[in-house]
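Numbered per numbering that gives the first Met the number 0, the sequence shown spans residues 0 to 170. Glycine included, each C-beta is placed from N, C-alpha and C at the ideal position. For reference, the structure discussed in these notes is given below.
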Amino acid sequence: MTVLFWDIDGTLLTTARAGVIAWEDAVRELAGREFDLATIRTAGFTDYQIAVKTLEALGLEPTRPSVEQLVKRYEELLPSSLPKRQGRVLDNVREILEHLERERPDVRSYLLTGNTRAGARAKLTYYDLVRFFPDGGFAEDASGRSTIACRALGLATRLGPVADDGVLVIG
């Protein structure tokens, strides 16, 4: 069996900054001040790691409860933020996923993303892609992407055989 691990943002879809808006709104609500997410480096970081960096940039201690609170509020705000922007599924993505689903029973698709499970579900549900991804590896804490990848591979192997040369990461 071949396993494809897909990233979300910039690979499957773009939210047209809906996630940024939800994040900044969450910070405003919880910290009581404005925050420009562009002031910190976020590329390659998970949602939990971005929460740590955000709190540090605000001069606040990134305790586990404060990080959890920020991530949870972001997850709550994201679904209502998505329709306010003109995001979209990227070109050919839906067609590729439909082809794999229809023509390639030997290929399984999972997510491998720095998004939280709830954040990923919100995005995939809004853009009608959720049915293509039964599960995956998500940011569950401030661990890095390699930890997420190990969890995702463990999940895939528990759900069925995976060919030694049959793992591809897309995105």
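Quick one: Cα of L110 to Cα of T38, how far? Roughly 28 angstroms between the two C-alpha positions.
In its own chain, which residues sit with a C-beta less than 7 angstroms from the C-beta of L99, not counting the 5 before and 5 after it? V106 and S108
Length of the line joining the Cα atoms of D90 and L57: 37 angstroms
Straight-line CA distance for A138 to E102? Their backbone Cα atoms lie some 31 angstroms apart in a straight line.
Would the beta-carbon of P61 fall within 8 angstroms of that of E67? no
Are the Cβ atoms of L171 and R72 separated by less than 8 angstroms? Examination of residue 171 is not possible in this model, given that the chain is present from 0 through 170 alone.
Of the choices A141, V161 and G135, whose alpha-carbon is the least far from that of R150? G135
Please report how far the alpha carbon of T112 lies from the alpha carbon of V26, in whole angstroms. 22 angstroms
Could you check whether the region 13-25 touches the region 78-98, counting it as contact only if at least three pairs of C-beta atoms, one from each stretch, sit closer than 8 angstroms? yes
Residues bridged to Y109 by DSSP? DSSP, once it has assigned bridges, lists F4 as partnering Y109.
Where in the region 53-106 do unbroken runs of the alpha helix (DSSP H), each at least 4 residues long, occur, reported from the N-terminal end onward? 63-80 and 92-102
Less than 8 angstroms between the beta carbons of N114 and D46, yes or no? yes
How far does the beta strand (DSSP E) with L36 in it extend, from its first residue to its last? Where L36 is concerned, there is no enclosing beta strand (DSSP E), given that its DSSP letter is neither H nor E.
Smallest Cα separation from S79: which of T41, E97 and Y125? Y125
Using only CA atoms, which one of V88, A148, F34 and G118 lies nearest to L77? Considering only V88, A148, F34 and G118, the residue with the shortest C-alpha distance to L77 is G118.
In this structure, does DSSP put R159 in helix, strand or coil? Going by the sequence as given, residue 159 is Gly instead of Arg. G159: coil per DSSP, three-state reduction.
Below 8 angstroms on the Cβ atoms is my guess for V88 versus L12; work out the distance and round it to an integer in Å. 5 angstroms
What are the partner residues of L152, as DSSP defines its beta bridges? In DSSP, L152 forms no bridge with anything.
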